[in-house]
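According to the numbering used here, the sequence shown is numbered sequentially starting from 1277.
The beta-carbon is built from N, C-alpha and C at its ideal position, and this holds for glycine as well.
Working notes for the structure below.
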Amino acid sequence: MLLSMTGYGDAHLHAEGVSVSVEVRSVNNRYFKLAVRGNELFSGLESQIEGVTRKYINRGTITINLRIKQDVTADKYRIDTAVLESYMQQIHQLGAKVGLSETPHIDSVLQLPGVVQENTDTDDEQFNAWPVIEKTLKAALEKFDTMRRAEGENTTKDLRENLAMIASHLETIEAKSPRVVDGYRDRMTERVNKVLEEFDVTVDPATLLREVAIFTDRVNISEEIVRLKSHLGQFEKFLTQEESAGRKLDFLTQEIFRETNTIGSKANDAEIARGVVEMKTAIEKIREQIQNIE
1277 MLLSMTGYGD AHLHAEGVSV SVEVRSVNNR YFKLAVRGNE LFSGLESQIE GVTRKYINRG
1337 TITINLRIKQ DVTADKYRID TAVLESYMQQ IHQLGAKVGL SETPHIDSVL QLPGVVQENT
1397 DTDDEQFNAW PVIEKTLKAA LEKFDTMRRA EGENTTKDLR ENLAMIASHL ETIEAKSPRV
1457 VDGYRDRMTE RVNKVLEEFD VTVDPATLLR EVAIFTDRVN ISEEIVRLKS HLGQFEKFLT
1517 QEESAGRKLD FLTQEIFRET NTIGSKANDA EIARGVVEMK TAIEKIREQI QNIE
């Protein structure tokens, strides 16, 4: 089954005092490239996130947006009394100096830097939150995988249509190929006979046969046809494999183009040349589709 390298999946989960939101996006790339964006507090989990992601994705440029919010508990924040007393003392001293008798509201003082501090233990928070993050990440990757499998099925259908077009033109070319030599021999014989009649000379039949043999060898495309048929068969086999085979298909597409191009350059026939043009058009469509296959 072919898998697209482009896709999207998201998931949201609240459990164990943690709210997690994950978005997974991917575009095509020859290699695996992962970027995790989200809370800096949980940046130490990137290796675990990559390990889970690699179980689902082999190639592509993957962006994972991770948003984590922990529930507020009674012991989450504390008031630094030393800092608060220092602020209050300075405020009273300043008030006495400038003649202000009003006492500042406590809510205003609590907003000053350093008064209210957050109790954090990065390692513990990461450890406690990871099971929820992992579960959410897997759910998003499952959605991502479903989407790219659907795209892979559509791509497979399109690839088979283009393969059938190539095979059809190849069948026509294979049937036409022997007649190319026959036509050349007939045209050469006709021209030679015309010259012989005009100038009253003779030509050794062996010479004529040798020239036809040289031409036959030059325009013989039987080997290219055999190899091209083999490539098309291998291509179809890779389409039905359990694992996506984007790199193998990319290589085969290059080989299919090479054999097709050789047929076009050797055949020396207008009808075959037209068939080769149609085959190259189909191959180019295949090439574009393969670039997006994992």
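Excluding five sequence neighbours on each side, which residues of the same chain lie with their C-beta closer than 7 Å to the C-beta of glutamate 1500?
Against the sequence shown, residue 1500 aligns to sequence position 224. For glutamate 1500, where only same-chain residues beyond five positions count, the Cβ hits under 7 Å are Glu1535, Thr1538, Ile1539.
I'd like the span of the beta strand (DSSP E) that includes leucine 1342, first residue to last.
Taking the sequence shown and counting its residues from 1, the one referred to as residue 1342 is at position 66. Per DSSP, leucine 1342 belongs to the beta strand (DSSP E) from 1336-1346.
Closest to alanine 1415 by C-alpha separation, out of Leu1278, Val1312, Lys1309, Val1296, would be which residue?
In the sequence shown, the residue the question calls residue 1415 occupies position 139. The candidate whose alpha carbon is nearest that of alanine 1415 is Val1296.
Could you compute how far the alpha carbon of valine 1385 sits from the alpha carbon of alanine 1372?
Translated into the one-based positions of the sequence shown, residue 1385 becomes position 109. Translated into the one-based positions of the sequence shown, residue 1372 becomes position 96. For valine 1385 and alanine 1372, the distance between alpha carbons rounds to 18 Å.
With DSSP collapsed to three states, give me the class of serine 1295.
Start at 1 with the first residue of the sequence shown, and residue 1295 comes out as number 19. Correct three-state label for serine 1295: strand.
To the nearest angstrom, how far is the alpha carbon of aspartate 1397 from that of phenylalanine 1403?
Mapped onto the sequence shown, residue 1397 falls at position 121. Mapped onto the sequence shown, residue 1403 falls at position 127. Caution is warranted here: a pLDDT of 49 is assigned to aspartate 1397, below 50, making its placement in the model unreliable, and no coordinate value can be reported.
Kindly say whether aspartate 1421, judged by its beta-carbon, lies nearer than 7 Å to any beta-carbon of chain E.
Any reference to chain E falls outside this structure, which holds one protein chain only.
Sort out for me which residues DSSP pairs isoleucine 1355 with in a bridge.
As a first step, residue 1355 must be located in the sequence shown, where it is residue number 79. The partner list for isoleucine 1355 (beta bridge, DSSP) reads Val1392.
Please determine, among Pro1407, Ser1362, Pro1380, the residue with the shortest C-alpha to C-alpha distance to glycine 1390.
Within the sequence shown, residue 1390 is the residue found at index 114, counting from 1. Comparing Cα positions, the closest option is Ser1362.
Within 10 angstroms of the Cβ of alanine 1405, are there 16 or more other Cβ atoms? Answer buried if so, exposed if not.
Here residue 1405 corresponds to residue number 129 of the sequence shown, with the count starting at 1. Counting Cβ neighbours within 10 Å, alanine 1405 comes out buried, since at least 16 surround it.
Environment of valine 1374 [buried if 16+ CB atoms lie within 10 Å]
Translated into positions along the sequence shown, residue 1374 becomes position 98. Looking at its Cβ environment, which holds fewer than 16 other Cβ atoms inside 10 Å, valine 1374 is exposed.
If we count the other Cβ atoms within 10 Å of its Cβ and call it buried at 16 or more, is isoleucine 1548 buried or exposed?
Counting from one through the sequence shown, the residue named residue 1548 turns up at place 272. So isoleucine 1548 counts as buried.
Starting from phenylalanine 1527, trace the alpha helix (DSSP H) in both directions and tell me its first and last residue.
On the sequence shown, position 251 is the one that residue 1527 refers to. Looking at the DSSP string, the run of the alpha helix (DSSP H) that includes phenylalanine 1527 is 1522-1543.
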